[in-house]
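Protein chains in written order, with our numbering: chain A, 9 to 349; chain B, 9 to 349. Glycine included, each C-beta is placed from N, C-alpha and C at the ideal position. Model, not experiment: these values are computed from the prediction.
2 protein chains.
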Amino acid sequence: MTSAQAILNGDRLALARLLTQVENDSSVGREALIELFPHTGKAHLIGVTGAPGTGKSSLVNQLALHYRKVENKKIAIVAIDPSSPFTGGAVLGDRVRMRDLAGDANVFIRSMASRGSLGGLAQTTANLVQVFDAAGFDLVIIETVGAGQSEVDVARLAHTTLVVEAPGLGDDIQAIKAGILEIADILVVNKADRPGVENTEKALKSMLDLAHPTERIFQHHGTAMRINSAPTQGKPASAQKTSATPIWIPPIQRTISTEGSGIDKLADCIAKHAAHLRSSGDWVLRERTRLEVELAALIRESLMKRFSENVSPNLYEATLQKVIQRNTSPWEAAQILLKEM
Amino acid sequence: MTSAQAILNGDRLALARLLTQVENDSSVGREALIELFPHTGKAHLIGVTGAPGTGKSSLVNQLALHYRKVENKKIAIVAIDPSSPFTGGAVLGDRVRMRDLAGDANVFIRSMASRGSLGGLAQTTANLVQVFDAAGFDLVIIETVGAGQSEVDVARLAHTTLVVEAPGLGDDIQAIKAGILEIADILVVNKADRPGVENTEKALKSMLDLAHPTERIFQHHGTAMRINSAPTQGKPASAQKTSATPIWIPPIQRTISTEGSGIDKLADCIAKHAAHLRSSGDWVLRERTRLEVELAALIRESLMKRFSENVSPNLYEATLQKVIQRNTSPWEAAQILLKEM
Chain A
9 MTSAQAILNG DRLALARLLT QVENDSSVGR EALIELFPHT GKAHLIGVTG APGTGKSSLV
69 NQLALHYRKV ENKKIAIVAI DPSSPFTGGA VLGDRVRMRD LAGDANVFIR SMASRGSLGG
129 LAQTTANLVQ VFDAAGFDLV IIETVGAGQS EVDVARLAHT TLVVEAPGLG DDIQAIKAGI
189 LEIADILVVN KADRPGVENT EKALKSMLDL AHPTERIFQH HGTAMRINSA PTQGKPASAQ
249 KTSATPIWIP PIQRTISTEG SGIDKLADCI AKHAAHLRSS GDWVLRERTR LEVELAALIR
309 ESLMKRFSEN VSPNLYEATL QKVIQRNTSP WEAAQILLKE M
Chain B
9 MTSAQAILNG DRLALARLLT QVENDSSVGR EALIELFPHT GKAHLIGVTG APGTGKSSLV
69 NQLALHYRKV ENKKIAIVAI DPSSPFTGGA VLGDRVRMRD LAGDANVFIR SMASRGSLGG
129 LAQTTANLVQ VFDAAGFDLV IIETVGAGQS EVDVARLAHT TLVVEAPGLG DDIQAIKAGI
189 LEIADILVVN KADRPGVENT EKALKSMLDL AHPTERIFQH HGTAMRINSA PTQGKPASAQ
249 KTSATPIWIP PIQRTISTEG SGIDKLADCI AKHAAHLRSS GDWVLRERTR LEVELAALIR
309 ESLMKRFSEN VSPNLYEATL QKVIQRNTSP WEAAQILLKE M
C-alpha cells in the first residue's frame with residue numbers, strides 16, 4: 009500500500025510522515041501528492057491572519073473546538089509559525105496548542121516554520137493543505153502572522169479569509185496601513201473585553217463604508233446586492249434586488265477567544281460565507297486562481313532546476329564576478345547565462 | 009544625452025522620470041539601468057523595518073534631517089508604502105513626508121506601493137536603489153512595513169538593517185514571534201518617552217543574550233570578538249582578542265523621533281556598523297549575496313517570459329482545465345507544458 013492509500017484509509021501515522029516528506033519536498037512526497045490530487049477539492053480552506061498580539065492562535069484553537077464539539081467535523085490546522093526566517097526555530101511548539109485538543113483523532117495541527125523563500129513557503133503550505141484535503145478533513149485552517157505578502161498568499165489559497173484585529177494595538181490608521189482589509193472575508197475583533205473595542209470596530213466599519221459606499225445599504229448578514237449603477241438610477245432599491253448580483257460585505261464579529269465567546273457566531277459567519285461562495289460562483293473562481301498560481305510556481309521551479317543543471321558552475325561564477333566588479337550589469341549577465349541553456 | 013547621462017550629471021527631473029520608468033519596468037528603464045550599473049556600489053544602503061505603529065516613517069525623516077544638516081550628505085529614501093496589495097492606493101503620500109525636507113535638492117523621497125508579487129517588489133526596489141546609488145546619493149534608506157518576508161528581502165538588499173520597536177505594542181513575546189531579530193544590525197526603541205520602554209528594552213536585551221551568549225562579555229559599542237571555542241578554553245578573554253574575528257552585536261538605541269532625540273547617537277551606530285562591515289569583509293560578502301539574488305531573480309523572470317512566449321494559450325487552458333477537474337495534478341500539468349518549450 010502506498011502512503012497515499014494509507015492516508016485515504018485514515019492512517020494518522022502515515023499522514024504525519026507524509027506531511028514531513030511534503031515539507032521537505034522529497035520525491036516520495038511529490039509522488040504521493042500526485043496520487044492524492046484527484047481526492048482534493050472537498051475541504052473548506054479558511055485563512056486566519058492578523059498582526060502579532062491579536063490572539064490569532066487561541067482564536068483558531070477555539071474555532072477548532074467549536075467545529076469538533078458542536079459540528080463534529082474533522083479539522084486540520086496549518087500554523088505558519090512566525091519563527092525566525094534564518095534559524096527556522098519554532099517559538100511556539102505544537103504542544104502548547106494541543107492542550108485543548110489533545111487526544112482527538114479528528115484534529116490535526118501542523119506548525120511550519122516560515123523559513124526559506126516566500127515562494128517556497130506558499131508552495132509548501134499549498135501542498136500540506138492538499139494532503140489534509142485528500143485525507144478527508146472537512147476544514148483546513150491556515151494561520152499566518154504579520155502584515156504583508158504572506159497574507160496575500162493566504163487569501164489566494166483560502167476560500168474564506170479571517171482578518172483578526174484587537175483593541176489597543178496602535179492607532180486606528182494602522183489597520184489601513186497594514187493594507188489587509190481587502191483580503192478579509194470576515195473581520196474579527198478579538199479580545200473584545202479590552203478597552204477601546206468600540207473604537208476598533210468603528211474604524212473597521214468606516215473603512216468598510218469607504219470600500220463599499222452603496223452596497224452597505226442593502227447589507228444583510230454579510231450578503232448584499234451589487235446594483236448595476238446605470239439602470240438603478242432613481243429606482244427604489246427593493247425593485248432591483250432580483251436582478252442584482254449578490255456580493256459579500258465582510259461582517260465584523262467580536263470574540264473573546266480566552267473565554268470562547270463569540271465563537272459560535274463566528275462559525276456561523278464562516279458557514280454563510282461558504283454558502284455565498286457556492287451560490288455566487290466565486291468558489292469555482294477561487295479554485296481556478298489558486299490552482300493557476302500553483303501551476304505557475306511549479307513551472308518556475310522546474311525552469312530554474314533546468315537552468316542550474318545546464319549552466320556550468322565555472323561560467324556562472326565568472327559571470328557573477330564580472331557583475332560584482334561592475335563590468336557587467338545583472339541584466340546582461342542573465343542573458344549571457346541563459347544563452348548557455 | 010541619454011537619461012542615464014543626465015542622471016550622472018545630477019539632473020533631478022531626469023532622475024524622477026527614470027524612477028517611474030524603472031518602477032514600470034519599461035525597456036527605457038532597463039537600458040538606463042544597464043548604463044548606470046558601472047556607477048553603482050558606492051552608496052550605503054540602510055534598511056529600516058518594524059511593525060506598524062513603531063513610528064518608522066518619522067524616524068526615517070529625522071535620520072534624513074540629521075544626515076543633511078549635520079553631515080551634509082545626499083539622502084534618498086525608498087518608502088515601500090504599506091498600501092493595499094490589491095488596489096495599490098497609497099495611504100501616506102510623499103507630501104506628508106516632505107514637509108520637513110521640502111525644497112532640499114539633496115534629499116529625494118520615493119514612495120512605492122507594495123502592489124503585485126513580492127518577487128517583483130524586491131526586484132523593483134533593488135532597481136530604484138541602483139538608480140539612486142549611481143546618481144551619487146551617499147545613503148539610500150529603504151523603509152518597509154510589517155513582519156515577514158519583506159523584512160528578509162530588505163535585509164538582503166541593505167548593508168545595515170535597523171529594526172524599530174516601540175513600547176506598548178503588545179506582549180514582549182511578540183517581538184520574538186515577529187522573528188525579525190536576526191535581521192537586525194541595530195535595534196531601535198522608538199517612542200522612548202512612552203511607558204514600558206524599560207520592558208521593551210529588557211526583552212530585546214534578553215533576546216540578544218540568547219542569540220549571543222558568550223560574545224556579550226566582550227561587547228563594546230556594537231563590536232565584539234568571536235572567540236574560537238577550542239583554543240580559548242580556560243584562557244583569559246583579553247589574551248584572545250588579537251587572534252579573534254570581530255563580530256557585530258546589535259546595539260539597542262532609544263529614540264523619540266517626534267522630538268528628534270537619540271538620532272545623533274543612532275547615526276553614530278549606523279556609521280560604526282558601516283566601518284565594521286568594511287573592516288570585517290562583510291561589506292563585500294553582502295554585496296555578493298545581493299547581486300546573486302538579483303541575478304537569480306532576473307534569470308527566473310526571463311525563463312518565465314520564454315515559457316509564456318513558447319507555450320500555446322490553448323494548450324495552457326486545456327491543461328489548466330484538467331487540473332481544475334482533478335484529472336491531472338499540477339505537477340504533471342507543469343511537466344506537460346514544459347515539454348512544449
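For P203 of chain A, no Cβ of chain B is located within less than 9 angstroms of the residue's own Cβ.
Counting only Cβ-Cβ distances below 9 angstroms, L170 of chain A has no contacts in chain B at all, with the closest Cβ about 17 angstroms away. Following the DSSP letters along the chain, one finds G58 of chain B inside the beta strand (DSSP E) bounded by residues H52 to G58. Annotation: the continuous beta strand (DSSP E) that includes I260 of chain A extends over I260 to R262. Cα atoms of R76 of chain A and T152 of chain A: separation of roughly 22 angstroms, rounded to the nearest angstrom.
DSSP, reduced to helix, strand and coil, places A305 of chain A within a helical segment of the structure shown. Cβ contact annotation for S66 of chain B (same chain, cutoff 7 angstroms, sequence separation greater than five): S265 and T266, in chain order.
When 7 angstroms is used as the limit between beta carbons, A341 of chain A is near these residues of chain B: L303, in chain order.
Shown here, T62 of chain B sits in coil according to DSSP, grouped into three states, outside any helix or strand.
Taking 8 angstroms as the upper bound for CB-CB distance, L41 of chain B and Q131 of chain B are not in contact here, some 11 angstroms apart.
At the C-beta level, I278 of chain B and I54 of chain B come within 9 angstroms of one another.
Residue contact with chain B for I42 of chain A: present (Cβ-Cβ distance below 9 angstroms to some residue of chain B).
Annotation for T327 of chain A: no beta strand (DSSP E) segment contains it, though the alpha helix (DSSP H) segment containing it runs P321 to I332. By the Cβ test, the stretch 135-150 of chain A is in contact with the stretch 67-87 of chain A, since at least three Cβ pairs between them sit closer than 8 angstroms.
Not one beta carbon of chain A lies nearer than 9 angstroms to the beta carbon of G55 of chain B.
When A:E190, A:I191 and A:L212 are compared, the shortest CA-CA separation from V197 of chain A is found for A:L212. With fewer than 16 other Cβ atoms from the protein chains shown falling within 10 Å of its own Cβ, V292 of chain B counts as exposed. Secondary structure note for I194 of chain B: it is in no alpha helix (DSSP H), and the uninterrupted beta strand (DSSP E) holding it is I194 to V197. For the stretch 306-317 of chain A, residues whose beta-carbon sits nearer than 7 angstroms to a beta-carbon of chain B comprise L306, I307, R308, S310, L311, M312 and F315.
At a cut-off of 9 angstroms between beta carbons, T48 of chain B contacts chain A.
For the C-beta of S337 of chain B, the chain A residues within less than 7 angstroms are, from N- to C-terminus, L41, I42 and F45. For S316 of chain A, the three-state secondary structure derived from DSSP is helix. Under a 10 Å Cβ-count criterion, D217 of chain A is classified as exposed, with fewer than 16 other Cβ atoms of the shown protein chains found around its own Cβ. Against chain B, the CB of R296 of chain A has a partner CB under 9 angstroms away; the residue lies at that interface. In the DSSP assignment, S269 of chain A is bridged to A:I264. Cβ contact annotation for A282 of chain B (same chain, cutoff 6 angstroms, sequence separation greater than five): H52, in chain order. Boundaries of the alpha helix (DSSP H) harbouring E43 of chain A: S35 to L44, taken from the DSSP string.
Under the criterion of beta carbons closer than 8 angstroms, T28 of chain B and A142 of chain B do not qualify as touching, at roughly 16 angstroms.
Per DSSP, reduced to three states, the secondary structure at E348 of chain A is coil, with no helix or strand assignment. Here the alpha carbons of V86 of chain B and E43 of chain A stand approximately 47 angstroms from one another. Its Cα nearest to that of A72 of chain B, the residue B:I150 stands out among B:I150, B:R286 and B:N318. The alpha-carbon of E317 of chain B is positioned some 46 angstroms away from that of E173 of chain B.
Shown here, R202 of chain A sits in coil according to DSSP, grouped into three states, outside any helix or strand. Residue contact check for I332 of chain A against chain B: a CB pair falls below 9 angstroms. The three-state reading of DSSP puts S11 of chain A in helix, counting H, G and I together. Here the alpha carbon of E39 of chain A sits roughly 23 angstroms from the alpha carbon of Y324 of chain B.
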